[in-house]
Amino acid sequence: MNSFLDIFMSDFINLFMGISSASLFFVFLIIFLMLVYKKIKYPKFFKEITEDVEYKISEPLNFFLSSVTLFSYGIIKYFFFTKMDMVLNSLWILLGIISVNILFKMACILIKAKSKLNPMRNLFLRIIDNYVMIITITLSSAIIASQIPIVDISKFFGYDVSRFSLINLPFFLSSLFISVSCFSLLCQYFFIKMDQETKSNVNEIFKVILPLVTMAFVTVLYPLSYNLFMVISVGILSKYIAEKISTYLNRRKISGKKGTLTTLSFLSPTSNIFFSSLIGLAIMVVLIFTCLNSAGFFGVTVASLGLISSTVLTSNVNIFDKQSESYKYIAKTLNNVALFYIFFETLEFIYKTQIHINISSNNVIIGLFTSIVLIMFNVLKIINLAKYIQLSAKHAYIAVRTLIYIVMFAVCFYYLLPFINYELLGALVLGLIIMTAFISILVINGIDVFETQDGKAFLITPLLRNTVLPLTNQITTLIIIVTVLLLPIIK
Numbered sequence: 091m092n093s094f095l096d097i098f099m100s101d102f103i104n105l106f107m108g109i110s111s112a113s114l115f116f117v118f119l120i121i122f123l124m125l126v127y128k129k130i131k132y133p134k135f136f137k138e139i140t141e142d143v144e145y146k147i148s149e150p151l152n153f154f155l156s157s158v159t160l161f162s163y164g165i166i167k168y169f170f171f172t173k174m175d176m177v178l179n180s181l182w183i184l185l186g187i188i189s190v191n192i193l194f195k196m197a198c199i200l201i202k203a204k205s206k207l208n209p210m211r212n213l214f215l216r217i218i219d220n221y222v223m224i225i226t227i228t229l230s231s232a233i234i235a236s237q238i239p240i241v242d243i244s245k246f247f248g249y250d251v252s253r254f255s256l257i258n259l260p261f262f263l264s265s266l267f268i269s270v271s272c273f274s275l276l277c278q279y280f281f282i283k284m285d286q287e288t289k290s291n292v293n294e295i296f297k298v299i300l301p302l303v304t305m306a307f308v309t310v311l312y313p314l315s316y317n318l319f320m321v322i323s324v325g326i327l328s329k330y331i332a333e334k335i336s337t338y339l340n341r342r343k344i345s346g347k348k349g350t351l352t353t354l355s356f357l358s359p360t361s362n363i364f365f366s367s368l369i370g371l372a373i374m375v376v377l378i379f380t381c382l383n384s385a386g387f388f389g390v391t392v393a394s395l396g397l398i399s400s401t402v403l404t405s406n407v408n409i410f411d412k413q414s415e416s417y418k419y420i421a422k423t424l425n426n427v428a429l430f431y432i433f434f435e436t437l438e439f440i441y442k443t444q445i446h447i448n449i450s451s452n453n454v455i456i457g458l459f460t461s462i463v464l465i466m467f468n469v470l471k472i473i474n475l476a477k478y479i480q481l482s483a484k485h486a487y488i489a490v491r492t493l494i495y496i497v498m499f500a501v502c503f504y505y506l507l508p509f510i511n512y513e514l515l516g517a518l519v520l521g522l523i524i525m526t527a528f529i530s531i532l533v534i535n536g537i538d539v540f541e542t543q544d545g546k547a548f549l550i551t552p553l554l555r556n557t558v559l560p561l562t563n564q565i566t567t568l569i570i571i572v573t574v575l576l577l578p579i580i581k
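Sequential numbering from 91 applies to the sequence shown in the working numbering.
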């Protein structure tokens with residue numbers, strides 16, 4: 091009975107993804123042709139890049155990328171998730187997607203654009219980053235579902251939930267969230283005559299109610315256990331809570347008597363940054379604890395799908411409403427934690443024994459300090475790259491210099507490979523996760539705070555938000571994936 095249901099649900103999910111992909115592409119064509127018609131009718135439409143123009147361009151871009159994402163899900167699911175021995179090979183696809191996005195982002199930095207086109211470039215980078223994040227978390231969830239021991243499946247989800255049901259679930263959830271978010275964007279045309287405050291309230295309702303209604307629909311249609319329903323719902327609510335609290339704290343201004351804040355005025359925004367980051371980290375810790383105790387590591391990645399459940403919608407709304415995006419970095423951290431689980435499961439499969447790591451060993455200490463140095467090096471290189479662009483340095487020189495650093499890193503890694511063991515790699519991965527999470531949440535809140543301080547740091551904040559932070563997170567995820575893929579040749 092379960093095997094028949096799994097086959098039926100798998101075919102149903104593939105059909106749903108195919109129809110949704112085609113429908114979203116059709117909507118993309120309609121909106122794109124409307125933009126072309128508007129450009130022909132009003133030749134000066136794109137002459138001045140306003141927020142209204144950005145918003146109109148972001149809509150077809152979201153529909154196009156959503157269609158491509160759902161189509162890609164179908165291809166990846168068919169080739170890698172129909173046979174259990176092919177699942178880990180999907181990490182190569184993930185490695186390729188992240189690598190291409192990193193190269194694309196660096197190319198965007200190197201290509202000189204007119205200053206008036208910078209907002210458009212930032213818009214493209216942020217929306218594409220959103221889709222890379224969605225695909226990464228979805229594939230990580232499906233991979234973990236394939237790695238969960240049978241004893242954990244029955245312990246957390248009950249005997250009625252099979253492994254293939256858990257593998258199919260991330261694809262189904264992600265496809266539903268993308269489709270619902272996309273078509274909810276069309277609903278905004280019905281509210282076009284409303285005032286801005288009413289439209290903002292409608293968007294807030296969309297961002298919370300739609301994912302929860304979608305979850306209720308999935309629970310009825312799909313054989314979900316109570317644990318899975320709970321962790322996904324907790325992820326959806328955590329996203330909203332983190333977004334609202336961070337937005338409020340980052341925008342607040344501490345009042346005082348006239349003249350009392352002149353000397354220590356920097357403490358006001360600094361306290362906002364640290365307080366908001368503390369709340370974000372606390373939400374992340376509570377979320378990890380709840381998910382691990384309710385649904386294991388699979389629950390961690392599924393909860394992160396709940397966190398990004400309305401990301402397509404917020405690709406439009408957040409960019410223009412200036413809501414906090416700290417929840418994205420909570421979701422990325424949860425995903426990296428899940429990849430850490432894949433690291434250990436792969437390690438135990440190779441050695442055919444349970445792996446124990448001595449946290450006081452020299453290899454662990456070296457790995458932790460190496461992760462700190464590596465993160466700081468990555469951040470410094472990305473900032474320097476962007477700084478040289480701002481100084482109008484020659485792009486060929488910058489490209490060659492960056493390539494030399496990459497080659498040097500690869501050569502050093504190749505010669506150090508015989509001396510690397512799983513303890514050092516495990517500590518390196520863990521240190522990367524912790525450092526990246528801390529830096530990302532601190533910096534994203536710092537960006538939000540300083541963008542509200544009368545335009546201060548206006549030149550640096552878009553650079554940090556659209557380049558430094560995404561690249562740092564993607565390089566960390568890339569390194570974790572590479573370590574998993576290298577495990578078979580590590581002694």
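Here a beta-carbon is modelled for each residue, glycine too, at the ideal position from N, C-alpha and C.
DSSP state of residue i mapped onto helix, strand, coil
i: Tyr419; result: helix
i: Lys297; result: helix
i: Ile462; result: helix
i: Ser530; result: helix
i: Lys329; result: helix
i: Ser632; result: Here the chain comprises residues numbered 91 to 581, so residue 632 is not present and cannot be evaluated.
i: Thr380; result: helix
i: Leu575; result: helix
i: Ile224; result: helix
i: Asp250; result: coil
i: Ile373; result: helix
i: Asn511; result: coil
i: Ile238; result: coil
i: Ile187; result: helix
i: Ile398; result: coil
i: Ser451; result: coil
i: Ser315; result: coil
i: Arg216; result: helix
i: Arg211; result: helix
i: Arg342; result: coil
i: Thr567; result: helix
Environment of residue i [buried if 16+ CB atoms lie within 10 Å]
i: Tyr312; result: buried
i: Ile234; result: buried
i: Lys131; result: exposed
i: Ala197; result: exposed
i: Phe170; result: buried
i: Leu114; result: buried
i: Lys128; result: exposed
i: Leu276; result: exposed
i: Met176; result: exposed
i: Leu105; result: exposed
i: Asp538; result: buried
i: Pro260; result: buried
i: Phe467; result: exposed
i: Val454; result: buried
i: Val126; result: exposed
i: Phe388; result: buried
i: Thr553; result: Looking at the sequence shown, residue 553 is not Thr but Leu. Leu553 is buried by the Cβ-count criterion.
i: Thr159; result: buried
i: Val310; result: exposed
7 angstroms Cβ cutoff met for residue i and residue j
i: Ser231; j: Val392; result: yes
i: Tyr419; j: Ser530; result: yes
i: Leu184; j: Leu229; result: yes
i: Ser367; j: Asn535; result: yes
i: Phe161; j: Val117; result: no
i: Leu424; j: Val375; result: no
i: Asn258; j: Ile103; result: yes
i: Leu263; j: Leu178; result: no
i: Ile363; j: Ile335; result: no
i: Ser315; j: Val222; result: no
i: Leu577; j: Thr436; result: yes
i: Tyr163; j: Met107; result: yes
i: Lys329; j: Leu397; result: yes
i: Ile326; j: Ser399; result: yes
i: Ile188; j: Leu568; result: yes
i: Ser384; j: Met320; result: yes
i: Val373; j: Ala421; result: The question names Val, but residue 373 in the sequence shown is Ile. Result no, Cβ atoms of Ile373 and Ala421 do not sit closer than 7 angstroms.
i: Met426; j: Ile523; result: Per the sequence shown, the amino acid found at residue 426 is Asn instead of Met. Yes, these two residues count as a Cβ contact at 7 angstroms.
- Query: With a cut-off of 8 angstroms, do at least 3 Cβ pairs link the region 210 to 217 to the region 547 to 567?
  - Reply: Result yes; three or more Cβ-Cβ pairs closer than 8 angstroms.
- Task: May I ask you to verify whether the region 297 to 310 touches the region 265 to 278, counting CB pairs closer than 8 angstroms and requiring at least 3?
- Result: Yes, since at least three Cβ pairs between the region 297 to 310 and the region 265 to 278 fall closer than 8 angstroms, the two stretches touch.
- Item | Ordered list of beta strand (DSSP E) runs contained in the region 99 to 179, each at least 3 residues | Whole beta strand (DSSP E) segments, 3+ residues: zero.
- Message: Check whether the region 145 to 152 and the region 238 to 258 touch, using three or more Cβ-Cβ pairs below 8 angstroms as the test.
- Response: Output reads no: the region 238 to 258 does not touch the region 145 to 152.
- Message: With three or more beta-carbon pairs closer than 8 angstroms as the criterion, would you say the region 451 to 471 touches the region 424 to 439?
- Response: Judged by Cβ distances under 8 angstroms, the region 451 to 471 makes no contact with the region 424 to 439, as fewer than three pairs qualify.
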